[in-house]
Structure formats: structure tokens, C-alpha cells
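Positions 21 to 365 (this note's numbering) are the ones given, in order, by the sequence shown.
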Amino acid sequence: MSGLHLKDLSKRFGNFTAVDDVDLTVPHGTFVCMLGPSGCGKTTLLRMIAGLEEPLAGAILLDDEDMTPVPTHKRNLGMVFQSLALFPHLTVGENIAYPLRIRGVDKNGQRKRVEELLALVHLPGYAARPVSKLSGGQRQRVAIARALALSPRLFLLDEPLSALDAKLREAMQVELRQLQQKLGITTIVVTHDQREAMTMADLVVVMGEGRIRQAASPIEIYRKPADAFVADFIGSTNLLEVKADRAGRAITLGQPIAGLSLPEGMARGLVSIRPEDVHLAGSANGAFRGKVTFVRDLGGTIETFVEVGGTTIVAVTTPRERGDIEAGTEVGVTLPAESCVVLKQ
Ligand code: ATP
């Protein structure tokens with residue numbers, strides 16, 4: 021198969037299992053974002069792919085070739101880490117040319133490739149500038165250009181954008197995705213920012229405690245989370261305890277959710293419903309009656325916190341959709357069955 025295959029990879033530090041039997045297939049040209057809470061094993065997995073950490077068990081196959089015993093410098097990888105590790109005393113051009121020089125590319129070849137790469141990362145004409153005089157976003161681009169200098173087979177990035185401020189970071193996410201699409205290079209990015217993953221990835225891999233909890237497209241992860249951990253980690257959601265009545269109907273907060281049944285054999289579970297799928301009616305029409313406890317008006321969207329039977333349900337609406345709902349108002353809350361995802365508890 022053309023692409024990357026992680027085959028039953030595990031890694032332990034002492035008797036702590038950091039990566040636990042990870043199996044993942046990444047078709048050639050895919051942009052992967054590995055996502056998960058701090059300490060879930062993302063970086064360790066990336067370091068194994070890079071050859072910087074030796075697996076306890078399993079294999080790393082690239083285009084069917086076993087890379088596991090191959091040392092890092094022979095894997096033909098491009099890597100960018102949070103620290104960027106640019107040489108501060110060198111110019112932009114010298115930084116980018118560094119891997120080319122090590123590889124024995126002549127001066128003319130180096131100059132041409134540097135120009136090509138600078139155009140690619142939107143920094144044409146920057147070759148002679150000292151790295152120390154660049155902004156955070158420009159340094160980021162230089163690190164990316166250097167990592168791509170030798171046209172690697174795999175592009176690995178560990179929290180590459182986390183040092184940037186929010187606005188620049190969002191712009192760089194789009195830029196990085198567009199660059200990857202242009203080059204068609206298989207790319208793996210470690211991040212703990214779910215928005216970043218949703219922006220860039222073809223394939224989002226959600227990890228928890230060293231294991232893959234779900235690997236799917238961003239929208240599938242969002243719409244059909246595999247479990248409560250994933251539902252809660254990706255975006256915000258309302259997680260409600262449900263139980264089946266005799267007819268199998270899903271009961272929550274003392275009432276059935278209209279049109280929703282639990283799968284046969286499931287007595288209890290959780291329902292995940294995204295805030296934008298919760299419907300509110302100011303006249304208290306709706307299946308559940310609640311009282312608004314807080315309204316967060318963010319301009320473009322409005323988050324409304326409603327207490328229903330001791331549980332807070334969050335609804336997100338746009339200003340246009342919403343009537344006059346203020347803290348203290350009695351409202352009706354509808355949970356449309358088609359937007360409810362039933363999960364095991
Ligand atoms: P973060 O988002 O905080 O970077 P992560 O998901 O990348 O977290 P890892 O860095 O892969 O997590 O670490 C996974 C676990 O393995 C952590 O509990 C960490 O303390 C442990 N660990 C990582 N490297 C080592 C090491 N060299 N020796 C001992 N334990 C380690």
C-alpha cells in the first residue's frame with residue numbers, strides 16, 4: 021500500500037505504557053492531525069515514526085517498506101518542532117540551505133532550491149535576512165521551508181503553531197493546509213487544539229491514554245463520535261444520561277426524548293447533542309421546560325445556558341434565530357432525535 025502503516029505500535033517508559041497497541045493506516049498524501057489531552061502519547065507516537073524513539077513492539081511501514089530499523093537520518097523525513105530549532109546566527113537562506121549543504125548539493129543548486137522554497141512559503145526575497153529579525157510567523161515559515169528542502173516522503177510536525185498568537189495561528193493553519201495540498205505530501209501534525217485539527221486534517225486521530233479512541237474525518241468525528249471521551253474532546257457537547265423505558269424509549273431528565281430509542285439490549289447510556297442542535301423556544305414550548313441561567317452573547321453566536329431538572333443544557337444560536345431570551349426566562353428545550361448520538365456510558 022502506498023502510504024504509512026503503523027502496525028500494533030507500543031512504547032513503555034519503565035512500567036508506564038505511553039503508547040498502547042496503535043494500529044493506523046494513512047494513505048499517501050493524507051493530512052493527519054493527532055489530537056488528545058496532555059500526556060496521551062501523541063508526541064511519543066510521532067517520535068517513533070521519526071525514529072527518535074524505539075518501539076517496544078510493532079512496526080512502521082512506509083510504502084510497504086519496514087522503517088522500524090532505519091535510523092532517523094535515513095528515513096527521509098521533514099520535521100518541525102515547537103521550538104523550531106532554527107540557527108539564530110544564520111540568515112534565512114543559510115538556515116533553509118543547511119540540509120542541502122549537508123547532502124552535498126552545490127552552491128548554485130542550494131540557491132535555486134532556497135528561492136523555490138521561499139516562494140512556496142510566501143517569503144520571496146528573504147534569503148539574506150537574519151533569522152533573528154523575523155516575526156514568529158515568518159520563523160515558522162522558514163522552519164517549514166527547511167524541513168521541506170530535501171522533498172521528504174513524510175512531513176512531521178509537533179505543535180508547530182502553539183507559540184503563535186491566536187490570529188496568526190489560524191492564518192498559518194490555512195497556509196499549512198494549502199501548502200500540504202499543493203505538495204501532496206503525507207503530513208502528521210501533533211496538536212492539542214481541536215479547532216486546528218478540524219481546519220487542517222483529512223484524518224483526525226483522537227488519542228486517550230496511549231490508545232486511538234477514534235480515527236476518522238473531522239466531520240465524522242464531530243457528528244458521530246465513537247464514545248463520550250471523543251464527543252467531549254471534539255467541540256463542546258451536551259452529555260446527558262439516558263435510560264430505556266419498557267418500550268425502549270430514551271428517557272432523560274425524567275422525560276422521553278421524542279422519537280429516540282436506545283439500541284436493543286442497552287438499558288443505560290449517554291446522549292451527546294451539540295449545542296447548535298438544541299432548539300429553544302421562548303414561550304416554553306418544547307419537550308423540556310427549563311430556566312435560562314446565563315447568556316453569553318459573542319456577537320456572531322449566542323450561547324444560552326438552560327437549567328433543566330438540575331442539569332445545564334447549552335444551546336448555541338445566531339442572533340437572527342433567537343428571540344428575546346434572557347437570564348431568568350422560562351424556555352422550552354427540544355432535543356431533536358436526529359441530532360442525538362447515543363453512546364455507551
Ligand atoms: P503533551 O500534549 O503534553 O505534549 P503528549 O500526548 O504528547 O502530551 P507524550 O509526550 O507522548 O504525551 O507522553 C506520554 C506519556 O509518556 C506522558 O505521561 C509522559 O510523561 C511519558 N513520557 C514521555 N517521554 C518519556 C520519557 N522519556 N521517560 C519517561 N516517561 C515519558
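All C-beta atoms in this analysis are idealised placements derived from N, C-alpha and C, irrespective of residue type, glycine included.
Taking C-beta atoms under 8 Å as the contact rule, aspartate 222 and serine 237 qualify, at a distance of about 7 Å. Runs of beta strand (DSSP E) with 3 or more residues, each lying fully within the segment 96–140, are found at 97–101, listed in chain order. Under the rule that a run must span 4 or more residues, the alpha helix (DSSP H) segments found entirely inside the segment 149–229 read 156–168, 186–203, 214–220.
At least one heavy atom of the ligand ATP lies less than 7 Å from the C-beta of glycine 59. Distance between glycine 279 and leucine 273, taken at the CA atoms: about 16 Å. For proline 276, the enclosing beta strand (DSSP E) starts and ends at 275–281. In this model, leucine 143 and valine 162 are separated by some 8 Å (Cα to Cα). Look at threonine 88 here: in three-state DSSP terms it is coil, with no helix or strand label. Considered as a whole, the segment 321–365 harbours 322–328, 331–337, 350–354, 361–363 as its complete beta strand (DSSP E) runs of no fewer than 3 residues, in chain order.
Between proline 108 and valine 39, the beta carbon gap of about 33 Å keeps them out of contact (Cβ cut-off 8 Å). Between the alpha carbons of leucine 29 and glutamate 74 lies a distance of about 10 Å.
Going by DSSP, valine 262 is part of the beta strand (DSSP E) stretching over 258–264.
Placement of the Cβ of lysine 62 at a distance of less than 7 Å from at least one heavy atom of the ligand ATP is found.
With 16 or more neighbouring CB atoms inside 10 Å of its own CB, threonine 324 falls in the buried class.
Taking 7 Å as the cut-off, the C-beta of phenylalanine 249 does not count as close to any heavy atom of the ligand ATP. In this structure, Leu55 is the residue among Leu55, Asp41, Leu24, Thr37 with its C-alpha nearest to the C-alpha of phenylalanine 249. Secondary-structure assignment with DSSP links serine 30 through a beta bridge to Ala77. For the pair of segments examined, the segment 335–348 was found not to touch the segment 261–268: the number of CB pairs separated by less than 8 Å stays below three.
Cβ contact annotation for arginine 149 (same chain, cutoff 8 Å, sequence separation greater than five): Thr111, Val112, in chain order.
With a cutoff of 8 Å on beta-carbon distance, histidine 299 and threonine 349 are scored as not near each other. Distances taken from the Cβ of valine 210 to the heavy atoms of the ligand ATP include one shorter than 7 Å.
In the three-state reduction of the DSSP assignment, threonine 64 falls in the helix class. Per the C-alpha coordinates, the member of Ser281, Glu136, Ala70, Ile205 positioned closest to leucine 26 is Ala70. Lysine 244 sits in coil when the DSSP states are folded into three classes, being neither helix nor strand. Classified as buried, asparagine 258 has 16 or more neighbouring CB atoms from the shown chains inside 10 Å of its CB.
A straight-line Cα-Cα distance of about 10 Å links threonine 313 and valine 334.
By the CB criterion at 8 Å, phenylalanine 175 and alanine 167 fall inside the cutoff.
Using a 10 angstroms sphere on the CB of proline 339, the tally of other CB atoms stays under 16, which defines it as exposed. No residue range can be given for methionine 286, since it is assigned to no beta strand (DSSP E) and is classified by DSSP as neither H nor E. The beta-carbon distance between leucine 82 and arginine 173, rounded to whole angstroms, is 6 Å. This is short enough to meet the 8 Å contact definition. Proximity of the beta carbon of phenylalanine 51 to the ligand ATP is not indicated: no heavy atom of the ligand is located closer than 7 Å. If you draw a straight line from the Cα of glutamine 275 to the Cα of glutamine 193, it comes to about 43 Å.
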